[in-house]
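Please read the structure below before turning to the comments.
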Amino acid sequence: MEEVFWNSIASYNAATWPWQIAMTALSAFFALVLWIRPCTWAKIAAKVYMVILSLWIAFVYYMKFGSVREYSNVMTIFWCMVAASWIYDLATHFSSFQKSGRYSIWGLVMLVLPLAYPLVSVLRGLEFPQITTPVIPSAVALYMLGMLMTFNRKINFFAFLLVLHWSVIAISKIAIFKIPEDALLAAACIPSLVIFFLQALKSAGQEMKPCYKSVRMLVLAVALILAGCMAAVA
Amino acid sequence: MSMGGENRMTREYLSEIADFIARYLSYMLGAGVHTSRVVRNSKRIGGALGVDVSVHTSQKTATLTVSGKDNGLHDTRVVDIPPFPISFEWNADLSALSWAAHDEEMSLDAIRHKFDELVSKPKMNPIFVLFMASLANASFCRLFGGDIWAMLITFTATMVGFFTRQHLTRKKVNHYIVFIASAFVASICASTALALGIDTAEIALATSVLYLVPGVPLINGVIDITDGHIQIGISRLVNAFMLIICIAIGMSVTLMLVKDSLL
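Protein chains in written order, with our numbering: chain A, 12 to 245; chain B, 178 to 440.
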């Protein structure tokens with residue numbers, strides 16, 4: 012299973028590396044534009060790009076090159092759902108892609124982390140094309156998480172939860188497929204879980220029960236459990 | 178007043194009692210309390226205020242007639258049953274209120290004041306509910322033999338599905354569609370466990386939709402039928418079965434897409 016996994020990554024990289032370079036450049040471009048000049052067209056274009064990126068993973072990565080893996084169609088459907096969450100965002104303006112002035116630096120770090128995927132692969136002795144790249148599912152999920160974190164005034168919670176789900180899959184992939192690069196995504200998802208849910212709690216406004224402190228404790232406890240699972244895998 | 182009422186049992190006062198009890202029983206029925214308890218509690222409050230109460234309930238509306246004990250006055254109300262979320266807290270608090278009215282001989286104003294206080298308590302935090310439902314489903318997964326990976330996947334799959342349900346409900350989408358969509362989303366997310374080759378992936382898939390099972394309407398339906406409220410009992414069971422069919426539709430779509438079969 013592990014061999015099939017790495018062989019499919021190799022054939023994907025060998026066939027699509029120019030596209031991957033172009034997409035990495037586009038990813039950086041959209042992050043920069045939204046950071047420097049967050050105008051309406053840039054926000055819409057960034058969301059359209061998120062849809063394209065998700066569909067690329069669904070159809071090119073999983074359907075074309077990952078079809079040798081068992082149940083790759085499940086992953087295709089899952090990434091179509093991620094695309095659907097961004098299309099829904101486009102239609103309803105669920106997120107604003109605006110900076111809130113908080114956690115932006117942390118967001119920038121997360122935006123750069125996908126570039127570390129090939130570096131980690133090379134450092135542990137892998138060679139092109141059998142290496143992870145910034146345009147594989149976990150790195151794309153990390154990029155989306157970075158975009159949500161950097162521009163977090165009002166986030167697309169559907170996309171966030173789907174990325175969170177993918178992060179849990181990433182944790183299990185570290186153990187099952189021996190892909191330690193996914194630790195980058197897993198490590199980034201835990202603070203994101205705490206930050207986004209605590210932000211949502213604060214913005215709820217009206218008095219609710221249980222009190223803010225108790226729910227915060229619950230969120231932190233769940234984050235600790237996830238971190239514990241990661242540590243156990245490591 | 179217990180029944181200083183006898184003297185001042187005017188048509189207006191009877192009407193006020195009818196208004197209050199109509200509101201009281203609509204809140205209880207809306208919050209998912211079984212019918213015989215609602216009828217019993219309404220009659221108890223009526224008794225404490227010196228009136229007889231007769232109630233007829235159906236799935237969407239309730240009819241009650243309040244009658245003065247000796248003066249031959251009657252007042253009838255037909256009320257819509259509001260679709261509140263299931264609330265065990267309202268169930269307990271409002272039942273306790275009926276006993277307090279009976280034991281402490283409370284006046285109508287005092288009962289009304291206490292009622293308003295009880296129903297305006299803060300709502301449950303949706304994020305708390307989201308986390309607890311996800312943890313509950315992950316625990317079910319463990320109970321049915323799932324390993325740690327299946328539990329984690331069930332946890333986040335439930336989170337995505339439950340958030341979908343909360344979001345669509347807030348947008349006032351038809352609740353049958355909400356159930357189909359939530360079951361589909363949760364089960365698709367859980368089915369990613371299959372691709373990882375986890376031994377207990379199917380347990381994750383099966384337990385990811387358990388948060389949708391309409392347990393309260395099912396139990397209430399059976400209790401209502403055994404208590405003789407056949408009509409509303411059957412209505413509640415039919416409603417619960419419709420929801421179960423919706424869950425089955427959502428899950429079937431996933432199974433057809435993922436496994437090319439229903440099993």
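Idealized CB from N, CA, C, for every residue including glycine.
As the structure is a computational prediction, the values presented were derived from the model and not from experiment.
field: the region 368 to 378 of chain B in contact with the region 297 to 306 of chain B per 3-pair CB rule at 8 angstroms
entry: no
Option in A:I68, A:E81, A:A102, A:E192 with minimal Cα separation from A:V244: A:E192
message: Tell me which residues share the same chain as A:S203 and place their Cβ nearer than 7 angstroms to its Cβ, disregarding the 5 neighbours each side in the sequence.
response: L156, M160
message: Rounded to whole angstroms, what is the Cα-Cα separation between B:G249 and B:A310?
response: When rounded, the distance between both Cα atoms is 52 angstroms.
- request: Starting from B:S231, follow the beta strand (DSSP E) in both directions and report where the run begins and ends.
  value: 228 to 234
- prompt: What are the start and end residues of the beta strand (DSSP E) that includes B:L241?
  reply: 238 to 245
message: Against chain B, with Cβ distances strictly below 8 angstroms, would A:A211 count as a contact?
response: yes
Chain-ordered residues of the region 321 to 337 of chain B with a beta carbon less than 7 angstroms from chain A: I325, W326, L329, I330, T333, A334, M336, V337
task: Let me know if A:E13 comes out buried or exposed under the rule of 16 or more other beta-carbons within 10 Å of its beta-carbon.
output: exposed
field: Partners in chain A for B:T369, counting only beta-carbon separations shorter than 7 angstroms
entry: Chain A residues near B:T369: V85, M86, F89, I180.
query: chain B partners of A:K165, CB-CB under 9 angstroms?
result: None at all; the shortest Cβ gap to chain B is about 14 angstroms.
task: Kindly give me the distance between the Cβ atoms of B:A381 and B:G323, rounded to whole angstroms, as I take these residues to be in contact under 8 angstroms.
output: 6 angstroms
- request: Consult DSSP for B:V337 and reduce its assignment to one of helix, strand or coil.
  value: helix
task: Answer yes if the region 409 to 416 of chain B comes into contact with the region 341 to 357 of chain B, meaning at least three C-beta pairs across the two stretches below 8 angstroms, and no otherwise.
output: no
task: To the nearest angstrom, report how far apart B:N351 and A:L229 are at their CA atoms.
output: Distance between the alpha carbons of B:N351 and A:L229: 31 angstroms.
query: Contact between the region 180 to 196 of chain A and the region 383 to 391 of chain B: three or more CB pairs below 8 angstroms?
result: no
field: Contact belief for A:V79 with A:S19 at Cβ below 8 angstroms, rounded distance in angstroms
entry: 6 angstroms
field: Residue(s) in a DSSP beta bridge with B:R254
entry: B:L241
B:W267 vs B:A225 beta-carbon contact at 8 angstroms: no
query: If you measure beta-carbon to beta-carbon, which residues of the region 284 to 304 of chain B are closer than 7 angstroms to chain A?
result: P299, K300, M301, N302, I304
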